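Chains as they are written, first to last, in our numbering: chain H, 37 to 332; chain Y, 1005 to 1283; chain S, 1272 to 1683.
For glycine and all other residues, C-beta sits at the position ideal for the given N, C-alpha and C.
A quick note: this is a predicted structure, and the numbers were derived from the prediction, not measured.
Following: one structure in structure tokens, then a few remarks.
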Amino acid sequence: MKAKGSIEKSTARLAEGLATPAWVLILLIFALPILGAAWLSFRNETLGSFVAPKFIGADNYAAAFADPRFWESIRTTIWLTLLGLLVQMPIGIALAVILERNLRGTRLFRTILIIPMLLTPVAVGLMWRFMFDVDLGVINWALALIGVDGPNWLGARWPAIWAVVIVDSWQSIPFIMLIVLAGLAGLPKGPQEAAAIDGATALQVFFFVTLPALGPVILVTLMIRIIDSLKMFDLIFIVTTRGGPGTATQTLGMLIYNTGFGFFQTSRAAALGILMVLMVLPVYWLWRRAAQKEQG
Amino acid sequence: MKRSARHSLGNAACYIILVGAAFMSLFPLFWTISTSIKTRNDTFVLPPRFLDFAPTAKNYIAIFDTRGFAQIYLNTIIITVASTLLCVVVSTLAAYSLARSPRFRSRRPLEVGLILVRAIPAIVIMVPLFTITSKLGVYDNHFALILMYAAVNVPFAVWLMTSFIEQVPVTLEQSAAVDGAGRWQILWFVVLPLILPGMAATTIFVALLAWNEFLIPVMLAGNSAKTLPVFISGFISARNLDWGPMAAASSLAILPIAILTVLAQRWLISGLSSGAIKG
Amino acid sequence: MTQTKRLFGAAVLATVFGMPALAEELNLYLIPSPSSTAIQSFIPAFTEKTGITVNVTEVPYGEAHQKLLLTVQQGQGQYDVAQFDNTFLAPYGAAGTMQPLDAWIGASAEYDIADFATGQQDYGKYNGETLGLTLSTEPMIQWYRTDIYDALGLKPAATWDEYMANAKAVKEAGKGDGAMFGWGPNASWWWMTLVWSFGGNLYDDQLNPTVNTPEAVAATQFFKDMLAYGPEGGISANGDDVTNKFLSTELGAMVQYSGYWGMALDPANSMHAGKIGTAPMPMGAVDITHLAGWNIGIPKDAKNPEAAWKFLEFVLGKSNARAYLMAGAAAIGRNSISSDAELLAIHPYLPLLNIPASSRIERYPQIRVWPEFEKAVLDALPAMLNGEVEIQAGLDALNETLKPILAAEAGN
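Quick look at the structure:
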């Protein structure tokens, strides 16, 4: 008992040491750029120095809050994130559970199901864009075969949003599936077997024993997906060509890209980027709270 | 009797879902590969020509003829392997700290740092990074790229590994300590085997992220450290989209990462004996 | 002994330092494209002629211009020659990225600027200075299917009314879709062309937006009405989609940049090779030609501007003009080659590239806030095109949105 305090201290010292390489790496690469981005956000710089750069305080932030495009992009981002999660999480977890059963041929299926992650996002975007094409694309052609009149995927707001959700889900489900699968593999089988012996059905075992035990893994997956959804832009860039039609799929990530690289307004983009980080912080904090509850 | 019938019904349902998901996964890949061996005429046509077309090797020849393609391929492999190793090792160590020690001194700053790095959009960072790399003279430098790739993926890897380590009950480590094991023995013989599936998964993802990384090499590398994603997006130009060669390059780009994934799968399903935890 | 050694050493030193400067080096910054491939094909001949080594860096189109802006800002002289899209001439000009070429052009008989039609000599000019040579001449022209038109007894349209009538005829005869614009993410290209052609303007001399004038409304209405004669996917078609559909489906005509011709040549790449005709774009109230294309120039911080000019003169000069086009580049509108039989076989529209003096040339609006301006237009058009918003009301709202954007341009 008396050793506990010093165990904690020695653990803390060990932890300090173990964490140092990570610290060094991210400080080395990111400290200056992040500070630079913050500094940028308080100035009026542009990519080509069109105007003499000077300090303008919080003007960029004020301009962002006053800009309807900013709020619209947040709405769009929330929709895309929510819809995405609703599609990806259940399917990903379901696939992981099925694969964990280790039926015959699991290895082959596992390899095949990972494929969507492997392709370069640019190629994925272009292929899907072509498949969504109303005149020449294979999706509406296949739908027509079964008598369904496919929507004008890239030509209207909600079909375009669903198109992005579909492509994003297609690329992300393997990620969720693998992480949950790895989590399942690391779970002790004891509690599950005990519950089964006690008479619980497979479904009950899953929902009351397995799923809670997977808590940390599912939570981290959720959080990573949320953050990535917020930042997402390269897929949208290609599939709907920069967030079209109009601003239907212009997420905050897309708006930032358009502002910085499209309009050359690097300072405005930096301000938007900082705002995005501030928006992510509560998500992160919620995750930490939930993860700690799981542990305790 | 009843149990096995339900069992096989469950199995059948599983297979149906798996086959459906496999089809969805494979189709776009199949489409990419078939586009890479088609002429443009066979690509932009309805009804789609799934198999009834005359294949051509033109697109692949065009790729291999490109000056420097081998170098680009090699660059991507080297940078991906090196940065992934660095990232996963460094991140696993830090993850252990975060998972096991709630009170070490640099914990809070580390957590803040990780979220900052992960959440900030890449283009916002790109402009200062460009200026810094130019001024330091490390533009178009392999080592600089490796460090940047590793750093960019540290938050992701740390979070993943933290959750995998948290899944391992502390009691295991504590009982090993009681049995007289030293710190490093615990880490190596108790913790590591249990987090191997997690490490495998994390390695796959980090390698994937590094392999497909685009913004960093396009802005901060020139010719000598050019990577595949930059090469592939070169086929999209104003008033010209070279579908065939682009599909060919993309198909070639999947190979190494697919091989890595197949290899790493062995550790995904570890033979975790259910007897490890008694309590 | 020491005397000899010293003399020997001195001789060596004299030889080393007396040698002409080590072979010069040129760094090219190119964007992957047929033009870039053609330029690179000239490098061996150039190096042989001048002894100057040439290195090439290719950067994808989506990031190339932004990266060059950043690079030149560093002032390290990374590149001596840079290719860019004419859309970026104004930002480059405003940022001072490229250096003026007028002195060299004026003194070069080899380049012979007079070989270009008068209006086109200003193609690379910003604020009166030429910041880029013409690397390709790509006006919007009319493309049509000769077989469909012949079958229906149609002729390429001379006015927009005829264009719509032709489209109607093709569609009603069941020969396919009538005609097409790109109503999707690149709609601005066609929309602004129509606005100009109908006699409107995007903004006036004081940089006030003028997109809600009666002419602009009429142009937008026409743009919308043509939707009925295009394919279903036209509403989301970008520039590439338009060409793909024209080359692969049954479509009577399209108005499109001549630069896409490269895609139309090869029978393996175009279903209708040999059945595509070209004609000048239909005329509206005003005779305008919307000209786009590549430029190429010398960055401000180039280490070797003289050698850079030598290279540009070599590749783009009059004597190599024919060879340059034969190397697969997008066509350049030089008078001296527009009647070359061999070139005409590959680029039948070559004569169209010598834009008559009667036609007002409109490039992309030469304002550095053009990307933001364009995005505002692109954000506003879909609602007007699908009928959600009345055109006059939509354009009025757009006009208001454009005011602060243009104000930023004027304020500097």
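- Looking only at Y:1135, Y:1025, Y:1023 and Y:1057, the smallest Cα-Cα distance to residue 1038 of chain Y is reached by Y:1057.
- According to DSSP, residue pairing for residue 1413 of chain S in a beta bridge involves S:1526 and S:1550.
- Using a Cβ-Cβ distance cut-off of 8 Å, the segment 282-290 of chain H and the segment 104-115 of chain H are in contact, since at least three pairs of beta carbons, one from each stretch, lie closer than that value.
- DSSP, read as helix, strand or coil, puts residue 1561 of chain S in strand.
- Put simply, the backbone Cα of residue 1614 of chain S is about 17 Å away from that of residue 1406 of chain S.
- In the pairwise beta carbon analysis, the segment 269-280 of chain H is classified as not touching the segment 56-66 of chain H: fewer than three pairs are separated by under 8 Å.
- When 9 Å is used as the limit between beta carbons, residue 164 of chain H is near these residues of chain Y: 1032, in chain order.
- A Cβ-Cβ separation of about 5 Å places residue 1402 of chain S in contact with residue 1568 of chain S under the 8 Å criterion.
- By the beta-carbon neighbour count (other beta carbons within 10 angstroms, threshold 16), residue 1650 of chain S is buried.
- In the three-state scheme derived from DSSP, where H, G and I count as helix and E and B as strand, residue 1330 of chain S is classed as coil.
- If you look at residue 1355 of chain S, you'll find it isn't in any alpha helix (DSSP H); it sits in the beta strand (DSSP E) that goes 1352-1356.
- In this structure, residue 173 of chain H lies away from residue 1455 of chain S, with their beta-carbon atoms at least 9 Å apart.
- Per the C-alpha coordinates, the member of S:1303, S:1638 and S:1323 positioned closest to residue 1585 of chain S is S:1323.
- Residue 1331 of chain S has a beta carbon lying within less than 9 Å of a beta carbon in chain Y.
- For residue 221 of chain H, the enclosing alpha helix (DSSP H) begins and ends at 193-221.
- Secondary structure remark: continuous beta strand (DSSP E) runs of at least 3 residues inside the segment 119-183 of chain H: none found.
- DSSP places residue 1635 of chain S in the coil class of the three-state scheme, outside both helix and strand.
- In the same chain as residue 1598 of chain S, and ignoring 5 residues on each side of it, the C-beta atoms closer than 8 Å to its own belong to 1308, 1309, 1312 and 1313, in chain order.
- The beta carbon of residue 284 of chain H lies closer than 6 Å to those of 193 and 196 in the same chain, with the five residues before and after it left out.
- If you check each beta-carbon in the segment 1232-1247 of chain Y against every beta-carbon of chain S, the ones closer than 8 Å belong to 1234, 1237, 1238, 1239, 1240, 1241, 1242, 1243, 1244 and 1245.
- Counting only runs of at least 4 residues, the segment 1614-1664 of chain S fully encloses the following alpha helix (DSSP H) elements, listed from N- to C-terminal order: 1641-1656.
- Pairing residue 1018 of chain Y with residue 134 of chain H, the inter-Cα distance amounts to about 6 Å.
- The Cβ neighbour count for residue 1132 of chain Y, taken over all protein chains shown within 10 Å, is at least 16; the residue is labelled buried.
- Contact residues of the segment 1637-1659 of chain S toward chain H are 1639, 1640, 1642, 1643, 1646, 1649, 1650, 1651, 1652, 1653, 1654 and 1657 (C-beta to C-beta distance below 8 Å).
- As the crow flies, the alpha-carbon of residue 1113 of chain Y is around 19 Å from that of residue 73 of chain H.
- Using a CB distance cut-off of 9 Å, residue 264 of chain H does not count as an interface residue toward chain S.
- Chain-ordered, the chain Y residues with CB closer than 7 Å to the CB of residue 1334 of chain S read 1222 and 1223.
- At a cut-off of 9 Å, the C-beta of residue 1039 of chain Y has no neighbouring C-beta in chain S.
- Neighbours of residue 277 of chain H in chain S, taken as residues at a C-beta separation under 9 Å, are given in chain order as 1455, 1456, 1457, 1507 and 1509.
- The alpha carbon of residue 1482 of chain S has as its nearest neighbour, out of S:1441, S:1411, S:1443 and S:1671, the alpha carbon of S:1671.
- According to the DSSP assignment, residue 1055 of chain Y belongs to no alpha helix (DSSP H), since it is labelled neither H nor E.
- Cβ-Cβ distances below 6 Å link residue 1214 of chain Y to 1084, 1087, 1088 and 1153 in the same chain, with the five nearest sequence neighbours on each side left out; the list follows chain order.
- DSSP places residue 1570 of chain S in the strand class (E or B) of the three-state scheme.
- Sequence-distant partners of residue 1629 of chain S (beyond 5 residues in either direction) whose C-beta falls short of 7 Å from its own C-beta, in its chain, are 1558.
- When 7 Å is used as the limit between beta carbons, residue 170 of chain H is near these residues of chain S: 1503 and 1504, in chain order.
- A residue is called buried when at least 16 other Cβ atoms come within 10 angstroms of its Cβ; residue 1094 of chain Y meets this threshold and is buried.
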